[in-house]
Ligand code: PEP
Ligand code: MN
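Okay, structure coming up:
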């Protein structure tokens with residue numbers, strides 16, 4: 072179902088009016104985690120003004136350490152919905168357990184994080200919903216494994232899927248992960264599903280994010296997911312890779328210039 076050979080037309084995913092794919096570029100931006108009402112509303116307004124098409128923000132966080140901030144969970148989702156109402160931006164946020172699905176009723180796009188990419192039972196259940204899904208590539212997943220994870224969702228009846236490259240594990244330690252930009256042409260050849268790049272988790276370093284965002288746009292990505300925080304130094308999660316709203320505005324201009332030049 073995901074195979075381009077049997078479905079030559081590009082898929083356009085519609086998440087609450089925000090389109091991704093076939094020439095529609097998604098600019099998903101926001102904090103790693105929702106931390107407070109003030110924080111998420113301020114960031115939502117700032118990224119909207121700069122050119123974001125969707126607001127991102129985690130309520131359920133897949134942290135490596137159980138002692139790290141785990142997200143505001145259900146309360147965080149409520150604050151995210153407030154930010155959606157305040158700005159009109161459709162929202163994308165991660166699900167970690169299918170038991171939480173009822174809480175995602177008003178979420179426009181459900182994110183399956185890298186660590187959940189092969190939670191096949193969850194993929195099957197998400198396939199039974201009509202919700203757009205942002206499927207992130209696993210930490211060590213091959214392109215084929217990513218496509219098969221999408222196939223699980225599609226086999227259950229949901230074809231509204233956006234694929235997201237967020238860096239893979241290699242021997243290199245200068246960046247948090249290694250951004251595999253070559254997946255853009257590879258995936259575009261093999262599948263009709265849109266491809267979004269997350270340079271924030273890929274590099275782990277805020278100052279590298281704008282260059283990789285521009286590179287992704289140049290390579291034909293269908294969108295970007297960017298972590299933006301109004302006070303990166305105080306962020307409860309992923310501060311070192313979070314850019315400020317001002318830098319995000321510059322990034323949007325640079326990406327727009329690259330896309331216009333294509
Ligand atoms: C995230 O987007 O906040 C996140 C946890 O990403 P990933 O699953 O790619 O690590
Ligand atoms: Mn993060």
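Numbering (UniProt numbering), first residue to last: 72 to 333. We put the CB at the ideal spot given by N, CA and C, even for glycine. As the structure is a computational prediction, the values presented were derived from the model and not from experiment.
- Taken in chain order, the complete alpha helix (DSSP H) segments of 4 residues or longer contained in the stretch 169-229 are 191-198 and 214-226.
- Distance check between residue 127 and each of 139, 114, 121 and 138 places 114 closest, using alpha-carbon atoms only.
- Each residue's CA atom was taken as its position, placing residue 229 and residue 263 some 14 angstroms apart.
- Within the same chain, 72 and 263 come within 8 angstroms of residue 78 by CB-CB distance, once the 5 residues on both sides are set aside.
- Using a Cβ-Cβ distance cut-off of 8 angstroms, the stretch 173-187 and the stretch 144-155 are in contact, since at least three pairs of beta carbons, one from each stretch, lie closer than that value.
- The beta-carbon separation of residue 203 and residue 233, rounded to 7 angstroms, stays under the 8 angstroms limit for a contact.
- Counting along the chain, no alpha helix (DSSP H) covers residue 262, and no H or E run does either.
- Proximity of the stretch 281-288 to the stretch 314-325 meets the contact definition, three or more beta-carbon pairs being nearer than 8 angstroms.
- Remark: the C-beta of residue 263 is outside contact range of the ligand MN, defined as less than 7 angstroms to any heavy atom.
- The beta carbon of residue 155 lies closer than 6 angstroms to those of 162 in the same chain, with the five residues before and after it left out.
- Residue 111: member of the alpha helix (DSSP H) spanning 108-121, first to last residue.
- Beyond the five residues adjoining it in sequence on each side, residue 207 comes within less than 6 angstroms, by CB distance, of 184, 185, 235 and 237 in the same chain, given in chain order.
- The alpha helix (DSSP H) runs of length 4 or more contained entirely in the stretch 136-160 are, from start to end of the chain, 144-158.
- Burial is judged here by how many other beta carbons sit within 10 angstroms of a residue's own beta carbon; residue 221 has at least 16 and is buried.
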